[in-house]
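Right, one structure below, let's go through it.
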Amino acid sequence: MPLMRKTVLLLAAVAGSALLPGCGSDQLTGAQRAAIATLGTELPAPYRDGLVIDSVHRHGDDLVLMIRFPEATVAMAKAKPDLFAALRRDEAEAIAELCQEPALAPVYAAGGGVRRRFVDANGAVFFEVALSASDCPSP
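Under mature numbering (1 follows the signal peptide of the UniProt record, and there is no 0), the letters of the sequence shown match residues -20 to -1, 1 to 119, in that order.
Shown next as structure tokens:
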């Protein structure tokens, strides 16, 4: 009987641990949806240097802010690679400011991250920068 009891307890522990990731996923999904609802009310919005934050959506564990270059195309970027490389480096540093965005705190707490995806007027991707929950200091 004790062996059977240990087996049942072990199976219960394994089953419980298998369910936990789903709970975390639900928490992350809820946090993402709340952040989208909050941030989305302000969009589209100017970003900087003539760029526009068009939208925000979920992509896996991350929220993606779509930032549009209304006056540039990917072809233009290929013609000026140094300029766009400098912009990419600048944005890789600037994304850390999103650690301070209150609407995103629950997303980070649930293990999610944020990306800024830069696209041209036609929706073609220039580049993307990412911020993971571990990049932000704990409150």
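Positions of the beta carbon are idealized from the N, C-alpha and C atoms, including for glycine.
For clarity, every value in this text was computed on a predicted model and none was experimentally measured.
Rounded C-alpha distance that separates residue i from residue j
| i | j | result |
| --- | --- | --- |
| residue 16 | residue 89 | 16 Å |
| residue 26 | residue 37 | 17 Å |
| residue 113 | residue 51 | 32 Å |
| residue 79 | residue 55 | 32 Å |
| residue 13 | residue 39 | 12 Å |
As assigned by DSSP and simplified to three states, the class of residue i
| i | result |
| --- | --- |
| residue 41 | coil |
| residue 23 | coil |
| residue 13 | helix |
| residue 62 | helix |
Residue i, buried or exposed, once every other Cβ within 10 Å from all chains shown has been counted against 16
| i | result |
| --- | --- |
| residue 59 | exposed |
| residue 42 | buried |
| residue 65 | exposed |
Per DSSP, the bridge partner or partners of residue i
| i | result |
| --- | --- |
| residue 68 | Paired residue(s): none; residue 68 is not in a bridge. |
| residue 108 | 97 |
| residue 75 | BP columns for residue 75 are empty, so no partner. |
| residue 35 | 46 |
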